[in-house]
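Numbering (our numbering), first residue to last: 1 to 312.
Right, here's the structure in full:
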């Protein structure tokens, strides 16, 4: 699944890093050779034309490593925190949505902090144009360590944690709230879990998207900032400074680049809404993740019950 949606991830990152407005021609003065992306399909075409097919999978290796590690840490921590809360306060003493929020937020924060260097590498590779900034994954690690030090691998971590705590908290709280009612609908192939995952993802992702955008802008700060495909990325210092600067220079829409994607087809002057790129990417992944999580959890619980019965 991660491999399939990787091109959408690259497009989303390119749009998030684009600082110039499409509706204001005056903002095009300082492009410094940066491309002008106008939506999902034109961006895909531009990358294919300028960078070839492999350009759509830039950063996929660190992304694959990140998602495998992130999922393992996230679900282990979520289950552990849930059991810990039930042990400390007793079962059903904490409202289910609150318990899910605490467990989800804790798991998300731990997983984000642990895998953050891979997330940063994914963003920097996806931000590369036809001209490579880093020739390989190992070379990027060596260069960042030499030129930026250990802190270089954690640029924008505060935005990442600030985003993931409410995101995962609301995601699991929404998911657990919807899962049981939707289970009564008897949807085929256990798809009620997947449907609840999609709805939880859409609600949560939309709410925290500005912090995701800020995280991407901060991840490309440093000595290589002007070498990526967007060569006019401003200097940002911290989450709140970034939010003020983006809002001042790009308006409220600037904080949502890559969420609502607009597409201008050939021969048309009117802008038309094409898709919600980030949601298109994350919702199916969340659906599959939660469907798999519930299936695996049930298998493990059955194995545990069988083992206890055999021991008894």
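Even glycine gets a Cβ: it sits at the ideal position worked out from N, Cα and C.
Computed from a prediction, not measured in an experiment: that's the story for all the values here.
Check your understanding: Is the distance from the Cβ of residue 59 to the Cβ of residue 139 below 9 Å?
Key -> Residue 59 sits at position 59 when you count from the first residue of the chain shown. Residue 139 sits at position 139 when you count from the first residue of the chain shown. For residue 59 and residue 139, no; Cβs fall outside 9 Å.
Practice item. Pick out whichever of 42, 149, 247 and 3 has its Cα sitting closest to the Cα of residue 14. Key: Along the chain shown, one-based indexing puts residue 14 at 14. The shortest C-alpha separation from residue 14 is found at 42.
Exercise for review: Report the rounded CA-to-CA distance for residue 84 versus residue 200, giving the unit in angstroms.
Suggested key: Working through the chain shown from its first residue, we reach residue 84 at position 84. Working through the chain shown from its first residue, we reach residue 200 at position 200. Roughly 24 Å between the two C-alpha positions.
**Study point:** residue 34, buried or exposed, once every other Cβ within 10 Å from all chains shown has been counted against 16
**Key:** On the chain shown, residue 34 is found 34 positions in, with the first residue counted as 1. By the 16-neighbour rule on beta-carbons within 10 angstroms, residue 34 is buried.
Review point. Thinking just about the alpha-carbon of each residue, which of 95, 117, 79 and 81 is nearest to the one in residue 67?
Key: Here the question's residue 67 lines up with position 67 in the chain shown. If we check each option's Cα against that of residue 67, 117 comes out closest.
Point to revise | Residue from 227, 252, 219 and 230 whose Cα sits closest to the Cα of residue 239 | key: For this step, residue 239 is matched to residue 239 along the chain shown. The candidate whose alpha carbon is nearest that of residue 239 is 219.
Exercise for review: From the DSSP output, in three-state form, read off residue 7 for me.
Suggested key: Counting from one through the chain shown, the residue named residue 7 turns up at place 7. Looking at residue 7 - three-state DSSP - the assignment turns out to be helix.
**Study point:** Identity of the residue in 206, 134 and 64 nearest residue 168 by Cα
**Key:** Numbered from 1 along the chain shown, position 168 holds the residue referred to as residue 168. Residue 168 has its Cα closest to that of 206, out of 206, 134 and 64.
Practice item. Leaving out five residues on either side along the sequence, give the residues of the same chain with a beta carbon under 8 Å from the beta carbon of residue 267. Key: In the chain shown, counting from the first residue as 1, residue 267 sits at position 267. Bear in mind that a pLDDT of 33 at residue 267, under 50, signals an unreliable position, so the number given afterwards is only what the model happens to contain. Contacts found: none.
**Study point:** residue 151 versus residue 144: straight-line alpha-carbon distance, rounded
**Key:** Translated into the one-based positions of the chain shown, residue 151 becomes position 151. Translated into the one-based positions of the chain shown, residue 144 becomes position 144. Per the coordinates, the alpha-carbon of residue 151 lies some 9 Å from the alpha-carbon of residue 144.
Practice item. Check the Cβ-Cβ distances between residue 159 and every residue of chain D, and say whether any is below 9 Å. Key: Absent from the structure: chain D. Only one protein chain is present.
Check your understanding: Quick one: Cα of residue 131 to Cα of residue 225, how far?
Key -> Here the question's residue 131 lines up with position 131 in the chain shown. Here the question's residue 225 lines up with position 225 in the chain shown. If I take the Cα positions, the gap works out to 13 Å.
Practice item. Can you tell me the Cβ-Cβ gap for residue 195 and residue 182, rounded? I've got them flagged as a contact below 8 Å. Key: Locating residue 195 in the chain shown gives position 195, where the first residue counts as 1. Locating residue 182 in the chain shown gives position 182, where the first residue counts as 1. Contact flag correct, Cβ pair sits at about 6 Å.
Review point. Is residue 31 helix, strand or coil by DSSP?
Key: Position 31 of the chain shown, counted from the first residue, corresponds to residue 31. In this structure, residue 31 counts as coil in the three-state DSSP scheme.
Exercise for review: Measure the C-alpha to C-alpha separation of residue 110 and residue 123 and round it to an integer number of angstroms.
Suggested key: As a working mapping, residue 110 is identified with position 110 in the chain shown. As a working mapping, residue 123 is identified with position 123 in the chain shown. Computed Cα separation, rounded: 20 Å.
Review point. Mind pulling the beta strand (DSSP E) runs of 3 or more residues that sit fully within the segment 36 to 123?
Key: Those beta strand (DSSP E) runs which fall completely within the segment 36 to 123 and span 3+ residues do not exist here.
**Study point:** Cα-Cα separation, residue 31 to residue 217
**Key:** The count along the chain shown starts at 1 and reaches residue 31 at position 31. The count along the chain shown starts at 1 and reaches residue 217 at position 217. Each residue's alpha carbon lies about 16 Å from the other.
Point to revise | Segment contact flag, the segment 99 to 113 with the segment 155 to 164, C-beta cutoff 8 Å, min 3 pairs | key: Here the segment 99 to 113 makes contact with the segment 155 to 164; the two share three or more CB pairs at distances below 8 Å.
**Study point:** CA nearest to the CA of residue 176, picked from 133, 98, 19 and 20
**Key:** Locating residue 176 in the chain shown gives position 176, where the first residue counts as 1. Of the listed residues, the one whose Cα sits closest to residue 176 is 98.
Check your understanding: Taking the C-alpha atoms as reference points, what is the distance between residue 55 and residue 257?
Key -> Indexing the chain shown from 1 puts residue 55 at position 55. Indexing the chain shown from 1 puts residue 257 at position 257. So the alpha carbons of these two residues sit roughly 20 Å apart.
Review point. Based on Cα-Cα distance, which residue from 259, 157, 171 and 2 lies nearest to residue 101?
Key: As a first step, residue 101 is located in the chain shown; it is residue number 101 there, counting from the start. The residue with the shortest Cα to Cα distance from residue 101 is 171.
Check your understanding: Hey, residue 11 and residue 44 are a contact pair by Cβ (cut 8 Å); roughly how many whole angstroms apart?
Key -> Within the chain shown, the letter at position 11 stands for residue 11. Within the chain shown, the letter at position 44 stands for residue 44. Indeed, because the Cβ distance is near 6 Å, the residues count as touching under 8 Å.
Exercise for review: Could you please give the first and the last residue of the uninterrupted alpha helix (DSSP H) stretch that includes residue 145?
Suggested key: Translated into positions along the chain shown, residue 145 becomes position 145. Counting along the chain, the alpha helix (DSSP H) containing residue 145 begins and ends at 137 to 147.
Point to revise | Through-space distance from residue 310 to residue 156, alpha-carbon basis | key: In the chain shown, the residue the question calls residue 156 occupies position 156. In the chain shown, the residue the question calls residue 310 occupies position 310. Taking the straight line joining both Cα atoms gives about 51 Å.
Review point. When we look at the beta-carbon of residue 88 and count the other beta-carbons within 10 Å, is it buried (16 or more) or exposed?
Key: Against the chain shown, residue 88 aligns to sequence position 88. Label assigned to residue 88: exposed.
Check your understanding: Around the C-beta of residue 327, are 16 or more other C-beta atoms found within 10 angstroms, so that it is buried, or is it exposed?
Key -> Nothing can be reported for residue 327: it is not among the residues displayed for the chain, which extend from 1 to 312.
**Study point:** Collapsed DSSP secondary structure at residue 175 in the structure displayed
**Key:** Within the chain shown, numbered from 1, the residue matching residue 175 stands at position 175. Three-state DSSP puts residue 175 in a helix.
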